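Enquirer: Please see the structure below; I have some questions.
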Amino acid sequence: MAASDRMVLGPLVGSIDQGTSSTRFLVFNAKTAELLSHHQVEIQQKFPKEGWVEQDPKEILKSVHECVERTCEKLQQLNIDITNIKAIGVSNQRETTVVWDKTTGEPLYNAIVWLDLRTQSTVERLLKRIPGENKAFFKFKTGLPLSTYFSAVKLRWLLDNVQEIKQAVDDGRAMFGTIDSWLIWSLTGGKNGGVHCTDVTNASRTMLFNIHSLEWDPELCQFFDIPVDILPKVRSSSEIYGLMVRFLVNLKSGALTGVPISGCLGDQSAALVGQMCFQDGQAKNTYGTGCFLLCNTGQKSVFSEHGLLTTIAYKLGRDKPVCYALEGSVAIAGAVVRWLRDNLGIVKTSQEIEKLAAEAGTSYGCYFVPAFSGLYAPYWEPSARGIICGLTQFTNKNHIAFAALEAVCFQTREILDAMNKDCGIPLNQLQVDGGMTNNKVLMQLQSDILCIPVVKPSMPETTALGAAMAAGAAEGVGIWSLNPGDLTAVTCERFEPQINPEESEFRFARWKKAVMKSMGWEMSEAPSDGDTSIFCSLPLGFFIMSSMVMLIGAKYVSG
4 MAASDRMVLG PLVGSIDQGT SSTRFLVFNA KTAELLSHHQ VEIQQKFPKE
54 GWVEQDPKEI LKSVHECVER TCEKLQQLNI DITNIKAIGV SNQRETTVVW
104 DKTTGEPLYN AIVWLDLRTQ STVERLLKRI PGENKAFFKF KTGLPLSTYF
154 SAVKLRWLLD NVQEIKQAVD DGRAMFGTID SWLIWSLTGG KNGGVHCTDV
204 TNASRTMLFN IHSLEWDPEL CQFFDIPVDI LPKVRSSSEI YGLMVRFLVN
254 LKSGALTGVP ISGCLGDQSA ALVGQMCFQD GQAKNTYGTG CFLLCNTGQK
304 SVFSEHGLLT TIAYKLGRDK PVCYALEGSV AIAGAVVRWL RDNLGIVKTS
354 QEIEKLAAEA GTSYGCYFVP AFSGLYAPYW EPSARGIICG LTQFTNKNHI
404 AFAALEAVCF QTREILDAMN KDCGIPLNQL QVDGGMTNNK VLMQLQSDIL
454 CIPVVKPSMP ETTALGAAMA AGAAEGVGIW SLNPGDLTAV TCERFEPQIN
504 PEESEFRFAR WKKAVMKSMG WEMSEAPSDG DTSIFCSLPL GFFIMSSMVM
554 LIGAKYVSG
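In terms of our numbering, the sequence shown opens at residue 4 and continues consecutively.
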């Protein structure tokens with residue numbers, strides 16, 4: 004095809020959206036925010052032991068290569084000139100932990116996924132060394148409770164249990180990163196000069212990062228015994244990190260070689276940006292593998308009294324201010340549909356769940372608590388496990404499908420209630436996004452259970468859009484304006500409550516009863532006699548001194 008025959012649309016921005024279940028590459032028009040083309044590849048999750056969840060970092064990287072190639076081929080078939088792709092953004096599943104060898108470029112172990120529970124015994128040993136066994140010990144530095152969820156304890160487990168990683172650290176060959184770091188390092192050259200970096204949103208999910216100083220915290224690194232030199236450099240969410248190296252074997256032009264990677268946001272922060280929640284009090288809820296409600300609190304870090312996290316929302320430029328968010332995190336949302344498909348075989352495709360639930364119309368008293376990885380916000384209860392209760396001989400797969408969708412909505416209700424209490428001003432509608440929002444039964448259920456409207460953008464790929472916006476707006480790229488007056492208006496689908504509040508409250512109360520029954524099912528294994536974890540040898544004085552420092556910090560932050 005002659006170059007003159009190609010469609011010219013102005014500057015384009017690509018977006019790598021690497022999630023827990025799949026990888027996608029999407030290309031947007033920087034002037035109109037129109038999605039032009041995309042490709043998606045599902046990612047395999049490995050469950051080597053009960054409670055363990057892993058992924059292959061090389062498979063993740065290969066999926067990115069495949070998605071970029073296929074998307075570019077689709078654009079060429081549409082006569083769109085791919086040389087107009089001027090920047091690339093990265094959005095990623097957060098907390099998932101990778102360690103690799105910088106001399107070979109090879110991962111030293113599978114990625115430990117954010118859902119993984121293997122570190123519960125590590126968390127419990129650590130808690131025993133903290134005065135009062137206080138899970139919120141690190142809250143005023145990190146915004147996070149001590150939990151299996153975050154990267155620091157996963158990294159500590161790897162250092163304690165994988166000899167290859169311990170040796171690589173001793174030899175100075177090891178690099179740690181969340182998925183964004185692994186991808187950016189690999190795509191900018193890997194062992195041949197790849198850039199080892201992360202952004203503030205991903206760093207804020209490690210428990211090693213001080214969300215006020217915006218630096219790796221020496222005391223936290225000492226506490227977890229993590230060597231600082233294996234950590235990536237922390238950058239803003241919108242700046243040029245490095246240039247793409249050529250890897251597109253099937254595209255003779257190598258068109259993306261030299262294109263800057265200039266946006267990086269953890270997936271939930273990316274969705275907040277993609278939903279254009281730039282004002283204090285604006286919030287969104289993303290329905291993916293898990294479910295994540297974020298409310299922008301502006302340049303002030305707000306600390307929850309009701310089980311929510313304080314996290315960094317974004318920092319859209321090196322010289323731009325950091326903005327914070329309150330977050331309600333639910334571990335299992337879309338994952339429950341995948342479980343019904345893959346583990347129980349109730350459906351062959353995820354889309355069939357909507358049909359089954361619609362046929363049932365109600366759960367007939369069946370309640371599903373999908374606490375496969377314990378309970379996250381607002382409980383932070385790792386001993387919980389999934390239960391289905393209220394079963395009778397009348398119950399069939401349709402009712403279980405309905406109960407599964409209803410469980411996602413009940414979990415959202417719990418974190419929204421907590422958010423309303425912390426913020427003091429109840430949300431009058433809920434902005435939503437993510438793959439599950441294509442399920443109209445789910446969206447109507449959500450409105451019914453919240454008793455407020457649910458608003459879904461007509462273009463639901465807001466996570467990828469947010470990363471593209473950050474990339475296009477970066478200094479040195481400058482093809483996407485984030486000024487409020489320049490942002491494209493979004494058309495939305497709206498779901499209004501269709502049941503009375505009394506019925507909603509009755510069903511929610513029954514759900515809460517089921518949640519209580521899910522708790523206390525599982526306790527971690529006791530550590531073996533040969534356990535040499537760092538937490539067993541740290542002096543109590545270290546914890547007391549750190550506690551005093553954090554209390555002083557808390558007074559400073561709240562003042």
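Virtual Cβ for every residue (Gly too), placed ideally from N, Cα, C. None of the values given here were measured: they were computed from a predicted structure.
Excluding the five sequence neighbours on either side, which residues of its own chain have a C-beta within less than 8 Å of the C-beta of Leu186, listed in chain order?
Expert: Only Ile19, Gln21, Ile63, Leu64, Val67, Val93, Asn95 meet the Cβ criterion.
Enquirer: Could you give the DSSP three-state label for Ala139: helix, strand or coil?
Expert: Reduced to three states, the DSSP call for Ala139 is coil.
Enquirer: Pick helix, strand or coil for Glu308, following the three-state DSSP scheme.
Expert: Three-state result, Glu308: coil.
Enquirer: Whose CA, out of Thr465, Pro221, Gly488, lies closest to the CA of Tyr290?
Expert: The option with the nearest alpha carbon to Tyr290 is Thr465.
Enquirer: Using 8 Å as the threshold, is the region 451-466 in touch with the region 266-274, meaning 3 or more CB pairs across them?
Expert: Touching, yes.
Enquirer: If you compare alpha carbons, which of Val350, Leu268, Phe50, Trp117 is closest to Gly320?
Expert: Of Val350, Leu268, Phe50, Trp117, the residue nearest in Cα terms is Leu268.
Enquirer: When you compare only the Cα positions, how much space is there between Val172 and Gln285?
Expert: Those two C-alpha atoms are separated by around 43 Å.
Enquirer: For Val444 and Val458, which I take to be in contact (beta-carbon distance under 8 Å), what is that distance rounded to the nearest angstrom?
Expert: Contact doesn't hold; Cβ gap of about 17 Å is too wide.
Enquirer: Let me know if Leu312 comes out buried or exposed under the rule of 16 or more other beta-carbons within 10 Å of its beta-carbon.
Expert: Buried.
Enquirer: Start and end of the alpha helix (DSSP H) containing Phe227?
Expert: First-last of the alpha helix (DSSP H) with Phe227: 221-227.
Enquirer: Where are the alpha helix (DSSP H) runs, 4 residues long or more, that stay fully inside the region 367-427, in chain order?
Expert: Whole alpha helix (DSSP H) segments, 4+ residues: 400-426.
Enquirer: Who pairs with Asp20 in a beta bridge, going by DSSP?
Expert: Note: Asp20 sits in a beta bridge opposite Arg27, Ser94.
Enquirer: Is DSSP giving Thr107 helix, strand or coil here?
Expert: Thr107: coil per DSSP, three-state reduction.
Enquirer: Which one of Thr415, Val30, Ala476, Ala512 has the shortest CA to CA distance from Lys323?
Expert: The candidate whose alpha carbon is nearest that of Lys323 is Ala476.
Enquirer: In the DSSP assignment, find the unbroken beta strand (DSSP E) run with Lys459 in it and report its ends.
Expert: Per DSSP, Lys459 belongs to the beta strand (DSSP E) from 457-460.
Enquirer: Mind checking Ile418: buried by the 16 CB within 10 Å criterion, or exposed?
Expert: Result: buried.
Enquirer: Which of helix, strand or coil does DSSP assign to Asn346?
Expert: Asn346: coil per DSSP, three-state reduction.
Enquirer: What does DSSP give as the partner residue(s) for Asn213 in the beta ladder?
Expert: Note: Asn213 sits in a beta bridge opposite Glu218.
Enquirer: Just the C-alpha distance for Phe371 and Gln414, rounded to the nearest angstrom, thanks.
Expert: Distance between the alpha carbons of Phe371 and Gln414 is about 11 Å.
Enquirer: Counting pairs of beta carbons, one from the region 298-311 and one from the region 105-124, are three or more of them closer than 8 Å?
Expert: They do not touch, by the three-pair rule.
Enquirer: Would a C-beta distance cut-off of 8 Å place Leu374 and Ser521 closer than the cut-off?
Expert: Per the sequence presented here, residue 374 reads as Ala, with Leu not at that position. In contact: Ala374 and Ser521 (Cβ atoms closer than 8 Å).
Enquirer: Just to confirm the assignment, what range does the alpha helix (DSSP H) spanning Phe511 have?
Expert: Segment 504-521, the alpha helix (DSSP H) holding Phe511.
Enquirer: Would you mind listing the alpha helix (DSSP H) stretches within the region 124-201 that are 4+ residues and don't spill past its ends, in chain order?
Expert: Segments of the alpha helix (DSSP H) lying fully in the region 124-201: 142-145, 154-164, 166-174, 182-190.
Enquirer: For a test of the three-state rule: what should DSSP assign to Thr289, helix, strand or coil?
Expert: Reduced to three states, the DSSP call for Thr289 is strand.
Enquirer: Excluding the 5 residues flanking Pro504 on each side, which residues of the same chain have their C-beta closer than 8 Å to its C-beta?
Expert: Within the same chain, Pro504 has close Cβ partners Cys454.
Enquirer: Quick one: grab the DSSP three-state call for Pro263.
Expert: Correct three-state label for Pro263: strand.
Enquirer: Over what stretch of residues does the alpha helix (DSSP H) that includes Gly270 continue unbroken?
Expert: It is Asp, not Gly, that sits at residue 270 in the sequence shown. Asp270 -> alpha helix (DSSP H) spans 270-277.
Enquirer: What residue does the alpha helix (DSSP H) around Lys77 start on, and which one ends it?
Expert: That run of the alpha helix (DSSP H) goes 60-80.
Enquirer: According to DSSP, is Ile482 helix, strand or coil?
Expert: In this structure, Ile482 counts as coil in the three-state DSSP scheme.
Enquirer: Taking the Cβ atom as the reference point for each residue, do Leu149 and Leu130 lie within a distance shorter than 8 Å?
Expert: The answer is yes: Cβ separation under 8 Å.
Enquirer: Does the separation of the CB atoms of Thr204 and Gly245 fall below 8 Å?
Expert: Not in contact: Thr204 and Gly245 (Cβ atoms no closer than 8 Å).
Enquirer: Would Leu347 be called buried (16 or more neighbouring beta carbons within 10 Å of its own) or exposed?
Expert: Leu347 should be labelled exposed.
Enquirer: So Leu15 and Phe31 are in contact, right, with Cβ under 8 Å, and what is the actual spacing, rounded?
Expert: Contact flag correct, Cβ pair sits at about 7 Å.
Enquirer: Determine the extent of the alpha helix (DSSP H) in which Leu448 is found, giving its start and end residues.
Expert: Here the alpha helix (DSSP H) through Leu448 covers 443-453.
Enquirer: So, using beta-carbon positions, are Phe498 and Gln447 closer together than 8 Å?
Expert: It is a contact, given that the beta carbons lie within the stated cut-off.
Enquirer: Once the 5 residues before and after Tyr379 are set aside, which same chain residues still bring their CB inside 6 Å of it?
Expert: Answer for Tyr379: Ser332, Val333, Ala334, listed in chain order.
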